[in-house]
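Q:
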Amino acid sequence: MNLYRSVLLAGVALLAASHLTLAGDPGAVPLDRAAKLLEHHRYQQVITLLEPYAGREDLDPTTRFWISANLGVSCFHLARYERAYRLIRSAADIKPRNAQMAIYREAAAWVTGRRDEALQIFEGILASGARNLFPAVTLPGERQFFSDPRTWSILLKHAIPLEANVKAGTFAGIGLGSSRKDVARIFHLGHAGGTRPVLEARAGPRVLWAFSFDAAGRVREILIDAQNVLRYSPYTIALDRTHDWTTTAAGAIGLLGKPAVTHPEKNHGLVLRWNETDHFSELEFGPPEDPPPPMIPQGTAMLRMIRMSHLPGK
0 MNLYRSVLLA
10 GVALLAASHL
20 TLAGDPGAVP
30 LDRAAKLLEH
40 HRYQQVITLL
50 EPYAGREDLD
60 PTTRFWISAN
70 LGVSCFHLAR
80 YERAYRLIRS
90 AADIKPRNAQ
100 MAIYREAAAW
110 VTGRRDEALQ
120 IFEGILASGA
130 RNLFPAVTLP
140 GERQFFSDPR
150 TWSILLKHAI
160 PLEANVKAGT
170 FAGIGLGSSR
180 KDVARIFHLG
190 HAGGTRPVLE
200 ARAGPRVLWA
210 FSFDAAGRVR
220 EILIDAQNVL
230 RYSPYTIALD
240 RTHDWTTTAA
250 GAIGLLGKPA
260 VTHPEKNHGL
270 VLRWNETDHF
280 SELEFGPPED
290 PPPPMIPQGT
300 AMLRMIRMSH
310 LPGK
């Protein structure tokens, strides 16, 4: 469940080895230079640099992989999608288990109209245990990708529910008052986090959930972005064993009772608040981000955010 170390792949340089010598050639393929150019989004310069080596059959497989990979990624970001697809497919054929090439191959397949192939690759990415799905859903074109009901079907087929027990003030085994060590243990952080007041799990730039700590290093607040969890990770949020992420405001009231406070929120949202002995919990409902999940009826507000926090003085 280690999303805390997730890395945004889109537009980031592929990690190439330093100069790799050409077979029978005293020179070298400048892969390290290409990687630095790619890191700074200088895609045309990458193409100019590596083009003379493209298609060279006298190179070893590792060298051919990096040439095709760097050229393919550069072509993709310059919207030369058909050539990008061919180059990325060539790289993936050499190293079929490379996660970066799988993501770019999925994206290139999608934007060139090979959508069945793209969705098959997307399912393979999920089945492989990927936890940060941001590149896999945004590189193809996020709006179009989520407009296809098959995308949602694949996501939910592999969904892993994480329970948010708002009455108890717990999420995924972490409760209000838990120690920083508890968070590190549950989420496999090792010694990550140090003394930072907030630990966030992100997929790309999107925050999925966050734990805030008090001066003693105890969890004082838990914030969960249910929409981001649904769209950019393989997880879904469950309120208990009978209420999942599709729970409506009426369903939450049926589960938790009449809220202590009800107030409007931005973007046509509605926040319901329940006060417990030592903490309060807020559930925000509202129109889903566009395009909405097809299983949410049009005009229905969905669970967007969960906040659990210690009451002042507790």
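Numbering (numbering that gives the first Met the number 0), first residue to last: 0 to 313.
Heads up, the beta-carbon is just placed ideally off N, CA and C, and yes, glycines get one too.
Remember, predicted model here, so these are calculated numbers, not experimental data.
Considering only their Cβ atoms, is the gap separating M307 from G358 smaller than 9 angstroms?
A: This structure does not reach residue 358, given that the chain is present from 0 up to 313, and the question cannot be answered.
Q: Would R397 and F133 qualify as a contact pair, given that the criterion is a beta-carbon distance under 9 angstroms?
A: The structure shown does not extend to residue 397, since the chain is modelled only from 0 to 313, so the question has no answer here.
Q: Where L58 and F170 are concerned, what is the direct C-alpha to C-alpha distance, given to the nearest angstrom?
A: As a working note, residue 58 is residue 59 in the sequence shown. As a working note, residue 170 is residue 171 in the sequence shown. Going by the C-alpha atoms only, they are around 52 angstroms apart.
Q: Assuming contact is defined by CB atoms lying nearer than 9 angstroms, are A107 and R88 in contact in what I supplied?
A: Within the sequence shown, residue 107 is the residue found at index 108, counting from 1. Within the sequence shown, residue 88 is the residue found at index 89, counting from 1. The answer is yes: Cβ separation under 9 angstroms.
Q: With a threshold of 16 other CB atoms inside 10 Å of the CB of T194, please say whether the residue is buried or exposed.
A: Looking up residue 194 in the sequence shown gives position 195. T194 should be labelled exposed.
Q: Please tell me whether Y103 and G71 are closer than 9 angstroms, where the distance is taken between their beta carbons.
A: By 1-based counting over the sequence shown, the position of residue 103 is 104. By 1-based counting over the sequence shown, the position of residue 71 is 72. Yes.
Q: So, Q226 versus E162, is the Cβ gap smaller than 9 angstroms?
A: For the purposes of this step, residue 226 is taken as the residue at position 227 of the sequence shown. For the purposes of this step, residue 162 is taken as the residue at position 163 of the sequence shown. No.
Q: Taking the CB atoms as reference points, tell me whether A117 and A90 lie closer together than 9 angstroms.
A: In the sequence shown, counting from the first residue as 1, residue 117 sits at position 118. In the sequence shown, counting from the first residue as 1, residue 90 sits at position 91. It is not a contact, given that the beta carbons lie outside the stated cut-off.
Q: With distance defined between alpha-carbon atoms, name the residue in P311, A249, P290, A237 nearest to I305.
A: In the sequence shown, the residue the question calls residue 305 occupies position 306. Of the listed residues, the one whose Cα sits closest to I305 is A237.
Q: By the three-class DSSP mapping on this structure, what secondary structure does F210 have?
A: In the sequence shown, residue 210 corresponds to position 211, counting from 1. Three-state result, F210: strand.
Q: Taking the alpha-carbon of P290 as reference, which of L229, H187, L86 has the nearest alpha-carbon?
A: What you label residue 290 is simply residue 291 of the sequence shown in a count that begins at 1. The option with the nearest alpha carbon to P290 is L229.
Q: So, R222 versus W208, is the Cβ gap smaller than 9 angstroms?
A: One-based indexing of the sequence shown puts residue 222 at position 223. One-based indexing of the sequence shown puts residue 208 at position 209. According to the sequence provided, residue 222 is Leu. The question's Arg does not apply to it. A contact, by the Cβ cut-off of 9 angstroms.
Q: On the premise that A259 lies in contact with R240, defined as a C-beta separation below 8 angstroms, what is that separation, rounded to the nearest angstrom?
A: Numbered from its first residue, the sequence shown carries residue 240 at position 241. Numbered from its first residue, the sequence shown carries residue 259 at position 260. Actually they are not in contact, since the Cβ atoms of R240 and A259 sit about 25 angstroms apart, beyond 8 angstroms.
Q: Let me know the secondary structure DSSP gives R114 once reduced to three states.
A: On the sequence shown, position 115 is the one that residue 114 refers to. Reduced to three states, the DSSP call for R114 is helix.
Q: If contacts are defined as beta-carbon pairs under 8 angstroms, then L37 and W65 qualify, I think. What distance do you get, rounded to the angstrom?
A: Taking the first residue of the sequence shown as position 1, residue 37 is located at position 38. Taking the first residue of the sequence shown as position 1, residue 65 is located at position 66. Incorrect: roughly 11 angstroms between the Cβ atoms, too far for contact.
Q: Could you check the C-alpha separation between A126 and P60 for me, to the nearest Å?
A: Locating residue 126 in the sequence shown gives position 127, where the first residue counts as 1. Locating residue 60 in the sequence shown gives position 61, where the first residue counts as 1. So the alpha carbons of these two residues sit roughly 27 angstroms apart.
Q: Going by the beta-carbon positions, is the gap between T299 and T235 smaller than 9 angstroms?
A: As a first step, residue 299 is located in the sequence shown; it is residue number 300 there, counting from the start. As a first step, residue 235 is located in the sequence shown; it is residue number 236 there, counting from the start. Contact: no.
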